[in-house]
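Numbering that gives the first Met the number 0 puts the sequence shown at residues 0 to 121.
Where is the CB? At the ideal position from N, CA and C, for every residue including glycine.
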Amino acid sequence: MGCACNQRGKIQYEVTMDAGRGRVAFTSGSKPTATTVAQRYAGSAVKVKGGEEIVHHTEQYEVAKDGGKGIVVFAHSDLTAAAEHADTLDGSVVRERETGAVVHPAPAPKTAKAKKTAEAPA
């Protein structure tokens, strides 16, 4: 196998266990390869090496920073576990992976504005 000296600056992907919080099971310079390997491990996620952003997972719920507009940092199939993790990070929300709908904290209900009425003359 050749020297990796010319690999400086190349992005590496890690397959991590326990929805991105556990040990690293595999590392690759290829995202498709890392994604394929991750499918073999239940509850695993693909992250950029040295970072916290999850770039691939198969769980139902994901925790995203900045009110759902930021990076995904955790994924889980159980809403309660995802919500508990989101509560530890300021401004994080739990959203469904498929639809992107925020499920925790629950979105504020839309309220109808009160209509202004003319005041009776005094």
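- The C-beta separation of valine 23 from threonine 32 comes to about 15 Å, leaving the pair out of contact by the 8 Å criterion.
- Leucine 88 is positioned such that its CB atom lies no closer than 8 Å to that of lysine 68.
- Residue ranges of uninterrupted beta strand (DSSP E) with 3 or more members, entirely inside the stretch 56 to 83 and ordered along the chain, are 60 to 63 and 71 to 75.
- Around serine 91, the same chain offers Val62, Lys64 and Ala85 as residues with beta carbons nearer than 6 Å, after the five sequence neighbours per side are excluded.
- For glutamine 11, the closest C-alpha among the options Val72, Ala80, Ser76 and Gly28 is that of Gly28.
- Counting along the chain, alanine 24 sits inside the beta strand (DSSP E) bounded by residues 23 to 27.
- Of all alpha-carbon atoms in Val101, Arg20 and Asp77, the one lying nearest the alpha-carbon of glutamine 59 is that of Asp77.
- When the five nearest sequence neighbours on each side are left out, the beta carbons in the same chain lying within less than 7 Å of the beta carbon of tyrosine 40 are those of Val14, Met16 and Ala24, in order along the chain.
- Within a 10 Å sphere around the beta-carbon of alanine 105 sit fewer than 16 other beta-carbons, which makes this residue exposed.
- Alanine 100 carries a coil assignment under DSSP once its states are collapsed to helix, strand and coil.
- In the DSSP annotation of this structure, threonine 87 is not part of any beta strand (DSSP E), being labelled neither H nor E.
- Taken through DSSP and simplified to helix, strand or coil, alanine 44 comes out as strand.
- Excluding its 5 nearest sequence neighbours in each direction, valine 101 has C-beta neighbours in its own chain below 6 Å: Gly67, Val92 and Arg94, listed in chain order.
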